[in-house]
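In terms of the working numbering, the sequence shown has 51 at position 57, counting the first letter as 1, and numbering is strictly consecutive.
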Amino acid sequence: MTQQLTAPYRINPTTWNAGLRYDQAQLRPAPAQLLTVAGQGSIDADGQLLHEGDMSAQMSLTMANVEDLLARGGMDLRDVTRLVVYVTDMDAALASYGAITERLDAAGATPPATLVAVARLALPGMAVEIDATAGR
C-alpha cells in the first residue's frame, strides 16, 4: 500500500473471523500516542475479584475496566490495535464471548485479537484477563 493512510485498513483474506468481531490484521497510520493497558480482570475499585464462577459477567466487567482505562487515556475501543484475551476455560469463554462482541459492536471496533487458554490467572477464581494496545 503506497498511499497515505488516514484510517485503519482492514485486512481479512477470509471471513471466518467476522462472527468474533475482529480483523485478522489492520494497517494503521502511525499513532501520535500509544496506550498500553496491562492485563485487566473482573476487579472492583478496591481490587476485589467479582463474579467468581460467571465467565460472561467476568468478561463484561473486564471489558468495562479496559474501556475505562482507554477513556482515561482519551481513547476508545476503535483505537485498540491489539486485544489479547486470556481465559482459564476456553469452552466457557467461547460460549460467553458475546459479552466482548457486544462492546466491540457498540463501539464499531474490530481490533486484531487473540484468545488464549491458560492454566491459571493472577487471582484465585479469575477466569478472564484482557490486555490491550491502543493508538491515536
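Ideal placement from N, C-alpha and C gives every residue a C-beta, glycine not left out.
None of the values given here were measured: they were computed from a predicted structure.
Exercise. Check each candidate in Thr9, Ala24, Ala26, Ala121 and name the one with the smallest Cα separation from Leu55.
Key: Indexing the sequence shown from 1 puts residue 55 at position 61. Ranking Thr9, Ala24, Ala26, Ala121 by Cα distance to Leu55 puts Ala121 first.
Practice problem: Express the C-alpha separation of Pro23 and Pro2 in angstroms, rounding to a whole number. | Solution: The count along the sequence shown starts at 1 and reaches residue 2 at position 8. The count along the sequence shown starts at 1 and reaches residue 23 at position 29. Straight-line Cα distance between these residues: approximately 7 Å.
Exercise. Would you identify the three-state DSSP class for Thr30, choosing helix, strand or coil?
Key: Translated into the one-based positions of the sequence shown, residue 30 becomes position 36. Residue state, collapsed to three classes: strand.
Self-check item: Strand pairing of Val122, partner residues [DSSP]
Solution: What you label residue 122 is simply residue 128 of the sequence shown in a count that begins at 1. Paired residue(s): Val81.
Practice problem: Report back the beta-carbon spacing between Leu109 and Val79 to the nearest angstrom; my notes put them in contact at under 8 Å. | Solution: Along the sequence shown, read from residue 1 onward, the residue named residue 109 stands at position 115. Along the sequence shown, read from residue 1 onward, the residue named residue 79 stands at position 85. Sure, about 5 Å apart at Cβ, within 8 Å.
Self-check item: Expected contact under 8 Å - CB spacing of Ala101 and Arg72 to nearest Å
Solution: In the sequence shown, counting from the first residue as 1, residue 101 sits at position 107. In the sequence shown, counting from the first residue as 1, residue 72 sits at position 78. Right, the Cβ-Cβ distance comes to about 6 Å (below 8 Å), so this counts as a contact.
Quiz prompt | Cα-Cα separation, Pro25 to Thr0 | solution = By one-based count along the sequence shown, residue 25 stands at place 31. By one-based count along the sequence shown, residue 0 stands at place 6. Looking at the two C-alpha atoms, the distance is approximately 11 Å.
Quiz item: Asn6: which of Gln(-2), Gln(-3), Tyr16 sits nearest, CA to CA?
Solution: The count along the sequence shown starts at 1 and reaches residue 6 at position 12. That would be Tyr16, whose Cα lies nearest to the Cα of Asn6.
Exercise. Could you tell me how far apart the beta carbons of Gln18 and Pro106 are, in whole angstroms, since I believe they sit closer than 8 Å?
Key: Numbered from 1 along the sequence shown, position 24 holds the residue referred to as residue 18. Numbered from 1 along the sequence shown, position 112 holds the residue referred to as residue 106. Confirmed, Cβ separation roughly 7 Å.
Self-check item: Local Cβ density within 10 Å of Leu21, reported as buried at 16 or more and exposed below that
Solution: Position 27 of the sequence shown, counted from the first residue, corresponds to residue 21. Result: exposed.
Quiz item: CA-CA distance, Arg114 and Asp62?
Solution: Translated into positions along the sequence shown, residue 114 becomes position 120. Translated into positions along the sequence shown, residue 62 becomes position 68. Rounded to whole angstroms, Arg114 to Asp62 spans 25 Å at the Cα level.
Quiz item: Going by DSSP, which residues form a beta bridge with Gly129?
Solution: Walking along the sequence shown from the start, residue 129 turns up at place 135. DSSP lists Leu28 as partners of Gly129.
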